[in-house]
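Below you'll find the structure, written out as structure tokens, and then a few comments.
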Amino acid sequence: MDRLIGAIEAGGTKFVLALARGDGTVLAETRIATRTPAECFPEVTAFFEQASAAHGPIASFGVASFGPIDVDPASPAYGTFTTTPKPGWSGARFHDVLTRFGAPIVVDTDVNGAALGEWEKGAGQGCRTLAYTTVGTGIGSGVLRDGQSLMGFSHFESGHIPVPHDRAADPYQGFCPFHGDCLEGLAAGPAIKARWGQSLSEMASPADEVDLVAGYVAQLAVSLVLLHMPDRLIFGGGVMKTPGLIPALRRKTEALLGGYIKAPQLDPGLERYIVGPGLGDEAGITGAIALGRKALG
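Counted the way my numbering counts, the sequence shown spans residues 28 to 324.
Below, the structure is given as structure tokens:
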């Protein structure tokens with residue numbers, strides 16, 4: 028009998044919940060809005076109880092979540108949110124809601140999960156080292172080496188790197204409650220909306236705005252290349268769906284690299300090197316299922 032996997036993609040705006048077979052076939056799936064743990068966790072429990080009653084016992088859980096979150100399996104606080112600015116989430120723990128099912132749990136970041144999904148079934152197939160970045164409600168990057176997510180004492184926090192900020196060209200102070208004008212504070216969805224009153228996709232002809240955001244995200248792209256030398260950079264998330272943003276990102280990244288890195292991976296124009304997710308919005312839940320497969324051992 029196929030062992031069933033419970034999967035959670037916990038994002039800044041929504042949770043995707045799924046029950047899947049080991050091969051990734053989804054048997055049940057739902058979406059709920061991200062609110063407080065007191066509001067979300069009972070709905071998570073109810074979904075998995077109903078799905079398990081309909082399809083069989085859950086053998087493992089894979090969770091790909093927004094952060095900051097403790098993703099060190101050796102830590103007593105594994106699966107616990109730390110300094111997240113999301114109200115009510117600091118100190119919340121996925122194990123509090125999932126241990127009742129008596130199944131092993133693997134927790135990683137949402138971007139590491141999406142990277143894993145893309146590495147297995149999407150635009151990252153065939154890559155030894157892969158970097159996946161989301162630019163949406165927040166900004167974060169996951170880096171994989173041979174399908175294993177890289178981390179130090181905690182997961183990477185690429186959204187909070189400082190970036191050059193020309194206040195004459197862009198007087199906006201920044202949205203981040205911790206750093207003001209870090210990358211996330213200048214280029215994530217909430218910063219775009221706070222600065223211009225609407226998202227890039229809602230603007231009539233956002234060429235200048237797209238150019239500005241692409242310039243900030245290119246600083247991250249160059250940092251990822253120089254620090255990790257990935258075989259490919261994937262950029263997903265709601266902001267990156269804006270028409271023209273990925274082409275602008277390619278141009279600005281290539282210009283910033285200045286011809287310094289010579290490698291077959293870096294094709295002229297970077298059209299094969301900087302790409303959108305092959306799985307679209309399914310990358311995260313696909314990765315969460317893959318994390319659940321790891322929990323099976």
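For glycine and all other residues, C-beta sits at the position ideal for the given N, C-alpha and C.
Quick caveat: nothing in here was measured; it's all calculated off a predicted structure.
Excluding sequence positions up to five before and after residue 149, its CB lies within less than 7 Å of the CB of 304, 305, 306, 310, all in the same chain and listed in chain order. For residue 37, no alpha helix (DSSP H) segment is defined; the enclosing uninterrupted segment is the beta strand (DSSP E) at 31 to 37.
Burial is judged here by how many other beta carbons sit within 10 angstroms of a residue's own beta carbon; residue 259 has at least 16 and is buried.
With a threshold of 16 other beta carbon atoms within 10 Å, residue 152 falls short and is exposed.
Contact between the stretch 172 to 185 and the stretch 153 to 164 is established, with three or more Cβ pairs separated by less than 8 Å. Excluding the 5 residues flanking it on each side, residue 160 has same chain C-beta neighbours closer than 6 Å at 168, 262, in chain order. Between the alpha carbons of residue 99 and residue 107 lies a gap of roughly 10 Å. Between the alpha carbons of residue 283 and residue 192 lies a distance of about 15 Å. It is roughly 7 Å from the alpha-carbon of residue 314 to the alpha-carbon of residue 142. Contact between residue 190 and residue 243 holds, since their C-beta atoms are separated by about 5 Å, short of 8 Å. A Cβ-Cβ separation of about 7 Å places residue 219 in contact with residue 240 under the 8 Å criterion. The beta carbon of residue 36 sits closer than 6 Å to the beta carbons of 43, 91, 311, 312, 315 from its chain, once the five residues preceding and following it are set aside; these are given in chain order. The DSSP assignment places complete alpha helix (DSSP H) segments of no fewer than 4 residues inside the stretch 177 to 235 at 210 to 214, 216 to 223, in order along the chain. Secondary structure note for residue 79: it is in no beta strand (DSSP E), and the uninterrupted alpha helix (DSSP H) holding it is 64 to 82.
Looking at 130, 290, 278, 289, the one whose alpha-carbon comes closest to that of residue 296 is 278.
Taking 7 Å as the cut-off, the Cβ atoms of residue 87 and residue 32 count as close. In the three-state reduction of the DSSP assignment, residue 269 falls in the coil class, being assigned neither a helical nor a strand state. Separation of residue 183 and residue 95 (C-alpha to C-alpha, rounded to the nearest whole angstrom) is 9 Å. A Cβ-Cβ contact shorter than 7 Å links residue 201 with residue 207. C-alpha of residue 76 to C-alpha of residue 185: approximately 36 Å in a straight line. Within the same chain, 165, 166, 186, 187, 202, 203, 218 come within 8 Å of residue 211 by CB-CB distance, once the 5 residues on both sides are set aside.
Minimum Cα-Cα distance from residue 292 among the listed residues 256, 74, 177 corresponds to 256.
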